[in-house]
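The numbering of the sequence shown is the UniProt record's numbering, which starts it at 1 and goes up by one.
Think of the CB as a built atom: it goes at the ideal place given N, C-alpha and C, for glycine as much as any other residue.
Take a look at the structure below.
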Amino acid sequence: MDRIADCFPRRETRTTCRNMIEAMMVVEVTANCWTLGEAIGHRGPHILQHFLSRARWNDDAVRERVAAWAVGQLGDAGVVLVVDETGDEKSSTDAAGAARQYSGALGGVGLCQVAVHLSYATTTGHTLIDRRLFLPSGWAADEERRQLAGVPEEVMFASKPQLAVDMLARLPAGGVTDAWVAADEVYGGRETRTAIRTLGYRYVIAVKTDHRLATPAGTFTVTDLVKRLPGRSWQRLRTGSGTKGDRHYDWAMIDVLADDTPDGHQAGQSTLLVRRHRYTGTLSFYRCWSATPRPLQELVGVVCRRWRIEEDFQAAKGLTGLDQGQVTGWTSWHRWSLISMIAYALLAVTITLERGGTAETGQVELVPVSCRELVKLLRRFMLPRPRQDIDPEHALRWSLWWRRHQYRAATCHRRWNEVTAASTT
1 MDRIADCFPR RETRTTCRNM IEAMMVVEVT ANCWTLGEAI GHRGPHILQH FLSRARWNDD
61 AVRERVAAWA VGQLGDAGVV LVVDETGDEK SSTDAAGAAR QYSGALGGVG LCQVAVHLSY
121 ATTTGHTLID RRLFLPSGWA ADEERRQLAG VPEEVMFASK PQLAVDMLAR LPAGGVTDAW
181 VAADEVYGGR ETRTAIRTLG YRYVIAVKTD HRLATPAGTF TVTDLVKRLP GRSWQRLRTG
241 SGTKGDRHYD WAMIDVLADD TPDGHQAGQS TLLVRRHRYT GTLSFYRCWS ATPRPLQELV
301 GVVCRRWRIE EDFQAAKGLT GLDQGQVTGW TSWHRWSLIS MIAYALLAVT ITLERGGTAE
361 TGQVELVPVS CRELVKLLRR FMLPRPRQDI DPEHALRWSL WWRRHQYRAA TCHRRWNEVT
421 AASTT
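In structure tokens form, the structure reads like this:
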């Protein structure tokens, strides 16, 4: 809070921010302005709703400073910048960017908001540091819906790869200049790869099975190219460990010709990395680039750290309410996601520091502490208890407020249904 204090022109707003970050980790049920306000001790959700939608504070500056703090805490050993999107299911199209669209989190097409996130992963830890809400083309072209949701005029339609490049472009100014970029096949287009190289980053990006690339022997799809590999080209490497033992895959590298060299840049080393499941034979393909040749083990390590963002999504959604905001406005969504990311960054950095301390003291007979275990300990020893747990009058007052609000909402719905039914007859 000391780092971001001057981003808030009023003490009340700064205090609300601190309380909301704490409440994100305290509330065990669905996190929204109602449950957070009740836990903090507010008489209703109005203070938090105002804080998210209308209060004056510089959320962009807060995001930049929190990201810089997290980067400094996690260090710069083996940095991988991981890009991926996730969807949050919605019940109506009133929320900014909500539309029927594909989301891996939903397992298909559904009514949801989709946001592109950026995770900072090192050999010691990882956390989310940025996000962009995807605005579908139908939303971007609808002036009335934009105005109702408060979408700024300067915000135009941008594809998910363009949103990812926009986030990456902010990092060199913050000192993140030597890193790998890892992403799935959505971000494997030539324009995206060229933009990544222009920023000075290396990349390992998944590509589809019909992806075509050029080699000294001609142009092939990645599947056709693999068929030409001799058996001795494969090398088995350990890629991680789980509760049931180590995981191993077969890997192969193929030199290919770069097709994404920016003007004035050297061609560098372009490689196709292939992963094969040792039992099923399932193949996965990754297009890689670096200024100088890199060993196979380093490229495999980047592929493995790409999955850190999935861990970030799971923890941020399950522990700090990343997908539970129930907000509809453009500003409210960005501020809610920011508060959730700050709360998660605190957890992620803390477990990184704790694991380092465990290693230094030689306590090797312990599994690494998880975010969920840390939250449990913080609730027990450090975080304030929810107000309703220690103040019966406050709990009763909120119970009455909930029931009154739900009664009024149900009454309004019934009246509206009667009006619409009469108009149709």
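- Burial state of G138 is exposed, judged by a 10 Å Cβ sphere holding fewer than 16 other Cβ atoms.
- When the beta-carbon positions are compared, M24 and L48 stay at least 8 Å from each other.
- G231 sits exposed, since fewer than 16 C-beta atoms from the chains shown fall within 10 Å of its C-beta.
- Fewer than three Cβ pairs drawn from the stretch 115-124 and the stretch 139-156 lie within less than 8 Å of each other, which leaves the two stretches out of contact.
- With contact defined as three or more Cβ pairs closer than 8 Å, the stretch 154-170 and the stretch 78-88 are in contact.
- In the same chain as A252, and ignoring 5 residues on each side of it, the C-beta atoms closer than 8 Å to its own belong to V226, L229, S233, W234, Q235, L273, V274 and R276, in chain order.
- The closest CA to that of L283, considering only E38, V222, A217 and T198, is found on V222.
- Boundaries of the alpha helix (DSSP H) harbouring I47: H46 to S53, taken from the DSSP string.
- The three-state secondary structure of A169, taken from DSSP, is helix.
- Cα atoms of Y201 and E185: separation of roughly 18 Å, rounded to the nearest angstrom.
- If you look at I205, you'll find it in the beta strand (DSSP E) that goes R202 to V207.
- Judged by DSSP secondary structure, L118 falls within the beta strand (DSSP E) whose first and last residues are G108 to A121.
- The residues V116, R132 and F134, in chain order, have a CB closer than 8 Å to that of L163 in the same chain once the five nearest residues on each side in sequence are set aside.
- V71 sits in a helix when the DSSP states are folded into three classes.
- Judged by beta-carbon spacing, G301 lies beyond the 8 Å limit of T124, meaning their Cβ atoms are not closer than that value.
- Taking the Cβ atoms as the reference, P172 lies roughly 6 Å from L199, within the contact range of under 8 Å.
- Here W402 is exposed: its Cβ has fewer than 16 other Cβ atoms, across all protein chains shown, within 10 Å.
- In this structure, Q388 is the residue among P216, G175 and Q388 with its C-alpha nearest to the C-alpha of A39.
- Sequence-distant Cβ neighbours of G41 in its own chain, meaning closer than 7 Å and more than five residues away, are R387 and H394.
- Counting C-beta pairs with one atom in each stretch, the stretch 363-383 and the stretch 336-351 have three or more that are closer than 8 Å, which means they touch.
- The beta carbons of T122 and G189 sit about 27 Å from each other, so the pair does not count as a contact at 8 Å.
- Beta-bridge partners of A345 (DSSP): none assigned.
- Considering only G108, V181 and P45, the residue with the shortest C-alpha distance to E298 is V181.
- Looking from the CA of R212, the closest CA among I339, F220 and V79 belongs to F220.
- Its Cα nearest to that of A179, the residue A291 stands out among E310, D6 and A291.
- Under DSSP, the beta-bridge partners assigned to H277 are Y249.
- Contact check between the stretch 328-338 and the stretch 46-64: three or more CB pairs, one atom from each, fall below 8 Å, which counts as touching.
- Counting every other CB atom within 10 Å of its CB across the protein chains shown gives E153 a total below 16, marking it as exposed.
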